[in-house]
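Encoded as structure tokens, the structure appears first; notes follow it.
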Amino acid sequence: MLVKDSDTTILLEGRAEVVEGYAEVFGCPVKKVDSRKLIPLYLKEGAVEVEGSFIPVKGSTIPKSWEKVVEEIKCNEWRRILLFGETDTGKSSFAAWLVNRLDGKKCVIDADIGQADIAHPAAMGIGIAEKCITIADVPMLDGVFVGTTSPTGREARCLRGFAKLVEMAKGDWIITDTTGWTRGRRARNYKLAKIEIFKPDVIICLGESPYYLEDFNVTTVDSFVPKKRSREVRSAIRSECYAKGLGNAVVVTVSLENVRLGSTTLFRGRRIEDDVLKEMFCQVLFAEVGSDFLNVCVYEEKDVSLEAIKALKEVYGVEDVNIFTPESFCGLVVGVYSEKYEGMGVVRRIDFESGKIDILAGTKNIRMIEFGEFRLEKGREVPTRVP
Numbered sequence: 000m001l002v003k004d005s006d007t008t009i010l011l012e013g014r015a016e017v018v019e020g021y022a023e024v025f026g027c028p029v030k031k032v033d034s035r036k037l038i039p040l041y042l043k044e045g046a047v048e049v050e051g052s053f054i055p056v057k058g059s060t061i062p063k064s065w066e067k068v069v070e071e072i073k074c075n076e077w078r079r080i081l082l083f084g085e086t087d088t089g090k091s092s093f094a095a096w097l098v099n100r101l102d103g104k105k106c107v108i109d110a111d112i113g114q115a116d117i118a119h120p121a122a123m124g125i126g127i128a129e130k131c132i133t134i135a136d137v138p139m140l141d142g143v144f145v146g147t148t149s150p151t152g153r154e155a156r157c158l159r160g161f162a163k164l165v166e167m168a169k170g171d172w173i174i175t176d177t178t179g180w181t182r183g184r185r186a187r188n189y190k191l192a193k194i195e196i197f198k199p200d201v202i203i204c205l206g207e208s209p210y211y212l213e214d215f216n217v218t219t220v221d222s223f224v225p226k227k228r229s230r231e232v233r234s235a236i237r238s239e240c241y242a243k244g245l246g247n248a249v250v251v252t253v254s255l256e257n258v259r260l261g262s263t264t265l266f267r268g269r270r271i272e273d274d275v276l277k278e279m280f281c282q283v284l285f286a287e288v289g290s291d292f293l294n295v296c297v298y299e300e301k302d303v304s305l306e307a308i309k310a311l312k313e314v315y316g317v318e319d320v321n322i323f324t325p326e327s328f329c330g331l332v333v334g335v336y337s338e339k340y341e342g343m344g345v346v347r348r349i350d351f352e353s354g355k356i357d358i359l360a361g362t363k364n365i366r367m368i369e370f371g372e373f374r375l376e377k378g379r380e381v382p383t384r385v386p
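Position one of the sequence shown corresponds to residue 0 (numbering that gives the first Met the number 0), numbered consecutively onward.
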């Protein structure tokens with residue numbers, strides 16, 4: 000359908016081609032767009048051929064406060080910018096707006112592990128941004144794998160990864176996007192730790208600023224989300240991201256002689272064979288003990304009582320006991336590193352005798368594999384417990 004107008008925003012979910020005049024999305028000039036998410040295509044004047052669902056709205060839907068804060072940032076030379084807000088307040092959209100409105104070299108840190116744009120869900124990414132419709136268009140320069148799509152209970156791992164990206168960040172402007180986890184004591188401490196690591200010149204709150212940011216330089220802008228997403232939609236989007244990330248992947252067999260494992264105690268202990276384990280589990284494929292852990296791989300899943308776990312801890316003098324089967328690793332999402340972060344991979348099989356791992360990955364140059372905390376089953380996340 001041909002839409003011919005001026006000073007009009009087309010809230011679009013589909014495709015559009017500008018056949019006459021000028022149009023932009025979040026300040027990025029466009030000729031063609033194709034989006035499964037609702038985006039505001041602003042038509043200054045001209046005509047657009049549209050395919051899909053859309054709603055025309057007179058004028059620009061970008062909040063006036065967004066325009067104003069860009070001028071404040073430039074005037075005050077706030078070089079380090081941290082975005083703060085709850086889920087579905089428009090942080091990622093505002094990040095794209097800043098990229099398109101600021102001049103010079105713009106470095107973006109995407110620390111939102113739930114709906115990651117530069118990297119993928121369960122990872123943080125960093126990139127140098129040019130004009131973009133979304134920060135998902137920013138090519139990943141490097142990243143860190145954290146292995147979970149929520150920081151809750153994994154704050155330390157997330158903060159270590161975030162600190163690495165902050166150390167890498169170089170540019171005239173450094174923009175950091177964060178998760179929507181903002182409420183409660185743990186969320187508060189997590190956000191304050193991120194602020195301490197990043198040391199922003201300004202914190203831009205999309206929506207209301209909470210009391211615990213009173214000691215910082217905070218500017219509040221209106222939140223703007225064309226369409227809020229349910230938990231089910233967010234899960235479906237993550238599934239699409241996983242499929243996209245593995246689109247060109249091939250199965251690679253790596254040996255532990257050449258590849259390091261991270262975020263796991265697997266293959267870090269001393270191999271053992273004794274009667275205690277045989278009596279308890281009958282058939283043991285692999286067992287190892289370390290200074291503070293016991294890993295036991297059995298052929299079939301078996302319910303192990305808390306009393307049995309306690310007994311194993313006392314016998315072997317360890318703090319952690321991990322009981323698992325070879326199938327526990329099938330579909331495990333991992334982070335793949337060469338000299339830098341390459342992206343996600345999926346474990347297909349682990350050969351405990353030879354110490355070799357079959358992994359679906361987008362590169363054959365693998366130096367480290369970092370274990371995650373969930374498996375993929377038909378594209379869906381399934382929590383799993385592995386060493």
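Backbone N, C-alpha and C fix where the C-beta goes; we use that ideal spot for every residue, glycine too.
Beta carbon of residue 50 nearer than 9 Å to that of residue 30: no
Quick check: residue 153 and residue 145, are their CB atoms within less than 9 Å of each other? yes
Quick test of your reading: residue 344 and residue 368, contact by CB under 8 Å. State the CB separation rounded to the nearest angstrom. 7 Å
Measure the Cβ-Cβ separation of residue 26 and residue 75 and say whether it is below 9 Å. no
Who are the Cβ neighbours of residue 267 in its own chain at under 7 Å, not counting the five residues just before and after it? 289
With a floor of 4 residues, list each alpha helix (DSSP H) that falls wholly inside the segment 13 to 83, ordered by position along the chain. 63 to 75
Best match in 47, 73, 36 and 13 for proximity to residue 20 [C-alpha to C-alpha]: 47
Bridge partners of residue 175, per DSSP? 81 and 108
Quick one: using the 10 Å Cβ neighbour count with 16 as the cut-off for buried, is residue 199 buried or exposed? buried
Indicate whether the contact test is met: 3 or more Cβ pairs, each with one atom in the segment 329 to 343 and one in the segment 305 to 315, closer than 8 Å. no
Can you name the start and end residues of the beta strand (DSSP E) that residue 272 belongs to? Counting along the chain, residue 272 falls outside any beta strand (DSSP E), and DSSP gives it neither H nor E.
Going by DSSP, what residue range makes up the beta strand (DSSP E) through residue 331? 331 to 336
Between which two residues does the beta strand (DSSP E) holding residue 149 run? Run containing residue 149: none; DSSP gives neither H nor E here.
Same chain, Cβ closer than 8 Å to residue 269, five either side skipped, listed in chain order: 287, 288 and 289
Do three or more CB pairs link the segment 184 to 191 to the segment 64 to 73 at distances below 8 Å? no
Please report how far the alpha carbon of residue 224 lies from the alpha carbon of residue 88, in whole angstroms. 6 Å
In its own chain, which residues sit with a C-beta less than 7 Å from the C-beta of residue 143, not counting the 5 before and 5 after it? 122, 123, 160, 163, 164 and 340
Would you call the segment 228 to 241 in contact with the segment 377 to 385, where contact means no fewer than 3 C-beta pairs closer than 8 Å? yes
According to DSSP, residues forming a beta bridge with residue 243: Partner(s): none; residue 243 has no beta bridge.
Entirely enclosed beta strand (DSSP E) segments - the segment 290 to 337, minimum 3 residues: 292 to 297, 319 to 323 and 331 to 336
What's the C-alpha gap between residue 57 and residue 1? 16 Å
Does the beta-carbon distance from residue 197 to residue 79 come in below 9 Å? yes
Would you say residue 169 faces chain C, with C-beta separation under 9 Å as the test? Protein chain content of the structure displayed is limited to a single chain, and chain C is not contained in it.
For the segment 211 to 223 against the segment 353 to 362, do three or more pairs of beta-carbon atoms, one drawn from each stretch, fall closer than 8 Å, so that the two count as touching? no
The alpha helix (DSSP H) enclosing residue 163, as first and last residue numbers: 154 to 167
Segment limits, alpha helix (DSSP H) that includes residue 194: 184 to 197
From residue 181 to residue 90, what does the alpha carbon distance come to, in whole angstroms? 13 Å
Span of the alpha helix (DSSP H), counted from its first residue to its last, around residue 92: 90 to 100
Any idea what DSSP makes of residue 222, helix, strand or coil? coil
Under a Cβ-count criterion, where at least 16 other Cβ atoms within 10 Å of its own Cβ denotes burial, should residue 106 be classed as buried or exposed? buried
Could you check which residue in 386, 7 and 371 has the C-alpha nearest to that of residue 319? 386
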